[in-house]
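Everything below concerns the one structure shown next.
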Amino acid sequence: MPNTEEQRLDIIENCNILLNGILKPFNNTNNTPEGRMITQCRWLKEHAENHDLPLPVDRGKLGSLLYIYTNGELFTAAIPDKDVYAAEINMQRIIRLAKKGQILMKPPYTLYALRSIDALIRLLQTASRPLSQYEQDVIPDLEQLKQLLDEGKIKPPLGAYGRTYPNFIKVKRSIQDLPNGKDYFYTVSDLIFNGVRPDCWLTPEDADRETRNL
Amino acid sequence: MQLNKLFVYGIYGELYRLYRWHERPILGRIQPKDLSDKCTASSFVRRLRMEHADWLKVLREMDAITANSDISLYDSQNDVINLMMRGRLIAYSLGNLDVDNMGDYPIIKAPEGVQYHFVLASLLLLSEPDEVKSFRNEWQQAEEFLETLALTDEQLAILISGLELRAWPNRAGRIESLKTAFAMGQIAVVIVRDSVVVPPKRGPEDLPVEYYTPKPYTLGPHEEPGYESPENPHAGLHNQEALTPDFETSAESFKTTRQVDMQHLSLEDDAAAEALEAQDWNEDKIEEILTSGDQFSLENMDKGDKLYGFVTGGRDISTLDNKAYWLDEKGLADVEAEFFRQGHWDKEGVKGYLALPCFNKANEMITVELTEDQTVVKSTIGKATELLRYDGADGYTTGTMGKIMGGGGTQISPNARRLTLLSGK
Numbered sequence: 126m127p128n129t130e131e132q133r134l135d136i137i138e139n140c141n142i143l144l145n146g147i148l149k150p151f152n153n154t155n156n157t158p159e160g161r162m163i164t165q166c167r168w169l170k171e172h173a174e175n176h177d178l179p180l181p182v183d184r185g186k187l188g189s190l191l192y193i194y195t196n197g198e199l200f201t202a203a204i205p206d207k208d209v210y211a212a213e214i215n216m217q218r219i220i221r222l223a224k225k226g227q228i229l230m231k232p233p234y235t236l237y238a239l240r241s242i243d244a245l246i247r248l249l250q251t252a253s254r255p256l257s258q259y260e261q262d263v264i265p266d267l268e269q270l271k272q273l274l275d276e277g278k279i280k281p282p283l284g285a286y287g288r289t290y291p292n293f294i295k296v297k298r299s300i301q302d303l304p305n306g307k308d309y310f311y312t313v314s315d316l317i318f319n320g321v322r323p324d325c326w327l328t329p330e331d332a333d334r335e336t337r338n339l
Numbered sequence: 019m020q021l022n023k024l025f026v027y028g029i030y031g032e033l034y035r036l037y038r039w040h041e042r043p044i045l046g047r048i049q050p051k052d053l054s055d056k057c058t059a060s061s062f063v064r065r066l067r068m069e070h071a072d073w074l075k076v077l078r079e080m081d082a083i084t085a086n087s088d089i090s091l092y093d094s095q096n097d098v099i100n101l102m103m104r105g106r107l108i109a110y111s112l113g114n115l116d117v118d119n120m121g122d123y124p125i126i127k128a129p130e131g132v133q134y135h136f137v138l139a140s141l142l143l144l145s146e147p148d149e150v151k152s153f154r155n156e157w158q159q160a161e162e163f164l165e166t167l168a169l170t171d172e173q174l175a176i177l178i179s180g181l182e183l184r185a186w187p188n189r190a191g192r193i194e195s196l197k198t199a200f201a202m203g204q205i206a207v208v209i210v211r212d213s214v215v216v217p218p219k220r221g222p223e224d225l226p227v228e229y230y231t232p233k234p235y236t237l238g239p240h241e242e243p244g245y246e247s248p249e250n251p252h253a254g255l256h257n258q259e260a261l262t263p264d265f266e267t268s269a270e271s272f273k274t275t276r277q278v279d280m281q282h283l284s285l286e287d288d289a290a291a292e293a294l295e296a297q298d299w300n301e302d303k304i305e306e307i308l309t310s311g312d313q314f315s316l317e318n319m320d321k322g323d324k325l326y327g328f329v330t331g332g333r334d335i336s337t338l339d340n341k342a343y344w345l346d347e348k349g350l351a352d353v354e355a356e357f358f359r360q361g362h363w364d365k366e367g368v369k370g371y372l373a374l375p376c377f378n379k380a381n382e383m384i385t386v387e388l389t390e391d392q393t394v395v396k397s398t399i400g401k402a403t404e405l406l407r408y409d410g411a412d413g414y415t416t417g418t419m420g421k422i423m424g425g426g427g428t429q430i431s432p433n434a435r436r437l438t439l440l441s442g443k
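Protein chains in written order, with our numbering: chain A, 126 to 339; chain B, 19 to 443.
Quick look at the structure:
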């Protein structure tokens, strides 16, 4: 699991976005979700700034963030919904960085994400067994995602598969019997929907090396 | 038989105290017996000196009588074993302690009508003091507390002797003995006051936020509009109006205890995850929902069915899209049956049963309706822990303490985008 300078700076950056954004008007009280989020972000930020935040962070230290994020506690009349939806991206990034010790998907890695999507499409097209309807339908989904990502029209993480890409839900479970199916699927899913890149893609050079022969 | 004061003896004369999970004590280093596996629970229950009729009373009190309970002692024990395995009934070993031992321990008088009764922490299982200070694993707080007491040498000698602690020849060593005993969870202090003075309410700007919770509470079947009975009869710090729950300023707070590996889920968890994905929850939220509960199952609900949520009053919810935790009719009825008595919600109980973090005050309920038929995910709420303290306006504080919320309630995670608000804000 990586523990890099890039992650440390990303935690600071995303905490700053929340603290200076939607949390700015609120007091640092411990009895409200907003106040708890301020405490949570300040704690993470200060520890990251002091180089005292080994990753992954114990779940117990992230309890407020995890509950507030999951149960939509910031969606009140006090903050416009669109701002909270945007902030949820930052919250999700902090969760991935701090709780899972993962590294974020960023524009310099787009080329390698496209290669990964291609590899998954090829894996499905050359499968040694007939594809299910969902597996057949996910191929145009992947083509579309590839195009949108290449054109910069989507910015990971996209979040849930549910409404827009329901085929992913079934394929996630059916593809596991194909050689490399699980690895390729989770790589693409993490890159696009969860906004994180594989642990071994520490630099673009690493990502190039890892994806060149897919 | 009062279940919250149920002392039972084992066949060798050892004493145990049984608690309902939401009434379990949280102080000192006292830990309940681990009865989570069937073998241990069976062995324990069948070695207690309890008659068939005694267990039936316990089961009745817990609303856990089954079709088999009446058949025999063996069958009633099976029902009790089941409760203990599920953590609904908790047992603490008291060894050979006796409530009369309480008087053996030293009392230090402080100004303003306050007495500090230093006792073995395990004695707290035998009595039910209102105010207790304990400093398990809190070395600095223990030290600060002892400093504020400014004990005389004579008082220090009384404490060391009365608590049978190591009697160092010098004052610093004796203070260190006391501090260590606090931090190791061996001793605690029961605070006895001549009278508890609740400060007058002045206005929201002067008071901690929980002092100014609008009244009457909007929850529960009141006898008439605006009805509020004069005192909350329920035990537990969370029910004391004179105390404000607050977190330690560290980030450590609410934590669910279950963990899941999203790439290696059990069949039940994966079925729940698949349903949640279809409901448009993302992987990070699904992981949190899965760690918040256990015994996941899918259930079909119809358009028009109602769901209920406990929320903090005064926070106008702008969208329901992201609220993951709800109660159905039965879940709400269970909460009411268990925790609404004598005109008051047992907030301590509700908080424990639903494993709610402290910033959810659970003092208002919202009702929503499903706008279309859907498959929802149902689960039993799991245990959670948090660190918090309770503060009084007079400067009294319990110090930071760990709190275990036993869970046990039933939660529903629906497609939150297919709900409409009926009542509440």
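Even for Gly, the Cβ is constructed at its ideal location relative to N, Cα and C. Fair warning: this is a prediction, and the values are worked out from it, not measured in the lab.
Chain A residues whose Cβ lies nearer than 7 Å to that of residue i
i	result
P432 (chain B)	Going along chain A, no residue has its Cβ under 7 Å from P432 (chain B), so there is no contact; the nearest lies around 13 Å.
Beta-carbon neighbours of residue i, restricted to chain B and to distances below 8 Å
i	result
Y237 (chain A)	Under the 8 Å cutoff, chain B gives no residues; its nearest Cβ is about 21 Å from Y237 (chain A).
F151 (chain A)	Here the premise fails: no neighbours, minimum Cβ distance about 12 Å.
Y79 (chain A)	Outside the displayed span of chain A (126 to 339) sits residue 79 (chain A), for which this structure offers no information.
R322 (chain A)	Neighbours of R322 (chain A) on chain B: none; closest Cβ ~15 Å, over 8 Å.
G284 (chain A)	N300
Beta-carbon gap between residue i and residue j smaller than 7 Å
i	j	result
C140 (chain A)	L187 (chain A)	no
A4 (chain B)	G425 (chain B)	Here chain B comprises residues numbered 19 to 443, so residue 4 (chain B) is not present and cannot be evaluated.
D17 (chain B)	G287 (chain A)	Since the displayed chain B opens at 19 and closes at 443, residue 17 (chain B) lies outside it and no answer follows.
G331 (chain B)	E382 (chain B)	yes
A109 (chain B)	L183 (chain B)	no
P375 (chain B)	Y192 (chain A)	yes
S111 (chain B)	Y34 (chain B)	yes
N156 (chain A)	F377 (chain B)	yes
Y234 (chain A)	A332 (chain A)	yes
D391 (chain B)	D339 (chain B)	no
K324 (chain B)	T385 (chain B)	yes
L327 (chain A)	R240 (chain A)	no
D410 (chain A)	N305 (chain A)	Within the shown structure, residues of chain A are numbered from 126 to 339, placing residue 410 (chain A) beyond reach of any answer.
L134 (chain A)	C166 (chain A)	no
A296 (chain B)	F314 (chain B)	no
I176 (chain B)	A185 (chain B)	no
I147 (chain A)	D208 (chain A)	yes
Interface partners of residue i on chain B, CB under 9 Å
i	result
R342 (chain A)	As displayed, chain A neither begins before 126 nor continues past 339, which places residue 342 (chain A) out of reach and without an answer.
P291 (chain A)	E295 and A296
Closest Cα partner of residue i within the set the options
i	options	result
Q277 (chain B)	B:D312, B:L294 and B:E292	B:D312
Q429 (chain B)	B:R359, B:W344, B:F314 and B:E387	B:W344
I242 (chain A)	A:P127, A:A252, A:P158 and A:E268	A:E268
D334 (chain B)	B:L439, B:G361 and B:D323	B:L439
R211 (chain B)	B:I126, B:A290 and B:K396	B:I126
G277 (chain A)	A:I228, A:P232, A:L245 and A:Q250	A:P232
E159 (chain A)	A:I204, A:R184 and A:I137	A:I204
R104 (chain B)	B:L66, B:E165, B:Y123 and B:S54	B:S54
Y194 (chain A)	A:H176, A:V182, A:R184 and A:I220	A:I220
T312 (chain A)	A:L303, A:Y237 and A:R254	A:Y237
L274 (chain A)	A:V296, A:M230, A:I137 and A:K295	A:M230
P124 (chain B)	B:S152, B:G180 and B:T170	B:G180
Closer than 9 Å at the beta carbon, the chain A residues around residue i
i	result
K51 (chain B)	Per Cβ cutoff of 9 Å: no residues; K51 (chain B) is ~24 Å from chain A at best.
I18 (chain B)	The structure shown does not extend to residue 18 (chain B), since chain B spans only 19 to 443, so no value can be given for it.
E292 (chain B)	I294, K295, K297 and R298
Contacts of residue i in chain B (Cβ-Cβ under 7 Å)
i	result
I317 (chain A)	None at all; the shortest Cβ gap to chain B is about 12 Å.
D135 (chain A)	Going along chain B, no residue has its Cβ under 7 Å from D135 (chain A), so there is no contact; the nearest lies around 16 Å.
D206 (chain A)	S336 and T337
Under 8 Å by beta carbon: chain A residues contacting residue i
i	result
E404 (chain B)	G188
Checklist entry - If we count Cβ pairs, one from each stretch, closer than 8 Å, do we get three or more for the stretch 244-262 of chain A versus the stretch 208-217 of chain A? => result Result no; under three Cβ-Cβ pairs closer than 8 Å.
Item to check | Selection of the stretch 180-204 of chain A by Cβ proximity to chain B, strictly under 9 Å | outcome: Within the stretch 180-204 of chain A, the residues whose Cβ lies closer than 9 Å to some Cβ of chain B are V182, D183, R184, G185, K186, L187, G188, S189, L190, L191, Y192, I193, Y194, T195, N196, G197, E198, L199, F200, T201, A202, A203 and I204, listed in chain order.
Checklist entry - For the 8 Å Cβ check, are there 3 or more pairs between the stretch 276-286 of chain A and the stretch 302-322 of chain A? => result Of all C-beta pairs linking the stretch 276-286 of chain A to the stretch 302-322 of chain A, three or more are shorter than 8 Å, placing the two stretches in contact.
Item to check | Within 9 Å of chain A by C-beta, residues of the stretch 339-351 of chain B in sequence order | outcome: If the cut-off is 9 Å between Cβ atoms, the stretch 339-351 of chain B has D339, N340, K341, A342 and Y343 near chain A.
Item to check | Members of the stretch 303-333 of chain B that neighbour chain C once the beta carbon cut-off is set at 7 Å | outcome: Absence of chain C from the displayed structure is noted, the protein chains being A and B.
Next on the checklist: Can you pull out the residues from the stretch 208-224 of chain A whose beta carbon lies closer than 7 Å to at least one beta carbon of chain B?
Outcome noted: Listed by position along the chain: Q217 and I220.
Next on the checklist: Closer than 8 Å is the cut-off here; do at least three beta carbon pairs connect the stretch 301-317 of chain B with the stretch 348-360 of chain B?
Outcome noted: Short answer: they don't touch.
Item to check | Interface residues of the stretch 376-392 of chain B facing chain A [CB-CB below 9 Å] | outcome: Those residues of the stretch 376-392 of chain B that come within reach of chain A (Cβ to Cβ, closer than 9 Å) are C376, F377, N378 and K379.
Checklist entry - Looking at chain B, which residues of the stretch 148-175 of chain A have a Cβ within less than 8 Å of any of its Cβ atoms? => result Within the stretch 148-175 of chain A, the qualifying residues are T154, N155, N156, T157, P158, G160, R161, T164, Q165, W168 and L169.
Next on the checklist: At a CB distance below 8 Å, what residues from the stretch 61-86 of chain B approach chain A? Give them in sequence order.
Outcome noted: Hits within the stretch: zero.
Next on the checklist: Can you pull out the residues from the stretch 293-305 of chain A whose beta carbon lies closer than 9 Å to at least one beta carbon of chain B?
Outcome noted: Listed by position, the residues of the stretch 293-305 of chain A near chain B (Cβ gap below 9 Å) are F293, I294, K295, K297 and R298.
Item to check | Residues of the stretch 241-264 of chain A with Cβ closer than 9 Å to any Cβ of chain B, in chain order | outcome: Flagged: no residues at all.
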